[in-house]
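Trainee:
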Amino acid sequence: MPELPEVETTANGIKPWLLNKTLKKIKVHNPSLRWRVPENLSDNFKGEKITNVCRRGKYILIETQKNSGLIIHLGMSGSLTVITKEKPLLKHDHVELIMQDDTIIRYNDPRRFGCVLDSEDFSKHPLISNLGPEPLSDDFTAKYLKYKSQNKSQAVKNFIMDGHIVVGVGNIYASEALFMAGINPKKAAGKISLQKYSTLVDAIKKVLLNAIAAGGTTLKDFVNADGKPGYFSQQLNVYGRKDKNCRHCNNPIQQIIQGQRSTFYCPKCQR
DNA sequence: AAGGATTCCTGTTGGC
DNA sequence: TGCCAACAGGAATCCT
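In structure tokens form, the structure reads like this:
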């Protein structure tokens, strides 16, 4: 499941193949994704030079002109692969970006939770414009979280997974960061001290940076831009470890459901 | 208005 | 072993 580190790795992986190159055409093999891939993508982008490839939250932005271009999300099973020599199309290959030099970027997404869209102004696009700060930026601070959580009864785990609060903290790393910070995921966001938020902010940054350094953790279906799977490169302390011993206190890890998502935590270490 | 519930989809997993 | 139901998950959107 691509989380922020996987998206970062993917964006970095495809960047050298795209930057300052020109798009020859875009082939849409199957437009059926979370939102239908626009029919006229190829017309809009044919002959356009790519001026930047970057990440915002879990969106990959392929810029052709200042602040406009393609918006790609990998959903939970999406991947981008660089194709340099002939390779048969796979079942869930939805879109191909074909470059002037015949390099192909293939978008594959079995579960179709992702998207490939275009935008004339990223900063005004509804998917992008209301996003919270980047977790690895200096804007993401304990003070900010404390401010945003004022009077909130919402569980802190759901709070930090809300992209309007902070982007890129997915289900796996939310559990991991809360464990690292020693915070009970059920605790109301509004009742957490500034000091605890400081610990949490550090934990989120650390967990994400670790994963990026490891090339991205994943469960099953992530394939990085080189086409190599990036399985489980990082050790997970609580996620998926129901009934296993806590690595700190040896008591069993619990699994609960919050916001229809599994949360794993240690009731002894996280209060 | 806030926050919980639903929704999209298919590959994998667990139970019988 | 084989079949099938349950499950997982990002995040917009709907609903209360």
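Once you know that position 206 of the first sequence is 186 in the working numbering, the rest is easy, because the numbers rise by one and skip nothing.
The C-beta atom is built at its ideal place from N, Cα and C for all residues, glycine as well.
Quickly, what does DSSP pair Tyr39 with across the bridge? List them, please.
Mentor: Arg36, His53
Trainee: How about Lys41 and Ile108: do their beta carbons lie closer than 9 Å?
Mentor: A quick correction: the sequence has Leu, not Lys, at residue 41. Result yes, Cβ atoms of Leu41 and Ile108 sit closer than 9 Å.
Trainee: Measure the CB-CB distance between Leu60 and Gly(-7) and report whether it falls below 9 Å.
Mentor: Yes, these two residues count as a Cβ contact at 9 Å.
Trainee: Could you tell me the alpha carbon to alpha carbon distance between Gln134 and Arg251, rounded to whole angstroms?
Mentor: One Cα belongs to Gln134, the other to Arg251, and the distance between them is close to 16 Å.
Trainee: Where does Ser178 fall in DSSP's three states?
Mentor: helix
Trainee: Short check: CB of Val187 to CB of Leu125, under 9 Å?
Mentor: Result no, Cβ atoms of Val187 and Leu125 do not sit closer than 9 Å.
Trainee: Note down, in chain order, each residue of its chain lying with its Cβ closer than 6 Å to the Cβ of Ile236, except the 5 sequence neighbours on either side.
Mentor: Thr243
Trainee: I need the straight-line Cα distance from Gln240 to Asn138, nearest angstrom please.
Mentor: 10 Å
Trainee: According to DSSP, Cys95 sits in a beta bridge with which residue or residues?
Mentor: His53
Trainee: If you run the structure through DSSP and keep just helix, strand and coil, what is Val203?
Mentor: Here the model assigns Val203 a pLDDT of 46, short of 50, so the residue's position is not dependable, and the following value carries that caveat. DSSP places Val203 in strand when its eight states are reduced to three.
Trainee: Considering Cα atoms alone, identify which of Ile172, Tyr219, Tyr39, Leu116 is closest to Lys185.
Mentor: Leu116
Trainee: Taking C-alpha atoms, which residue in Lys4, Asp73, Phe93 lies nearest to Gln80?
Mentor: Lys4
Trainee: Quick check on Arg36: buried or exposed, where buried means 16 or more other Cβ atoms within 10 Å of its Cβ?
Mentor: buried
Trainee: Taking C-beta to C-beta, are Gly55 and Arg91 nearer than 9 Å?
Mentor: yes
Trainee: Taking all protein chains shown into account, do 16 or more other C-beta atoms lie within 10 angstroms of the C-beta of Arg221, making it buried, or fewer, making it exposed?
Mentor: buried
Trainee: Look up Tyr211 in the DSSP assignment and say whether it is helix, strand or coil.
Mentor: In this predicted model, Tyr211 has a pLDDT of only 39, less than 50, meaning its place in the structure is not dependable enough to derive any value.
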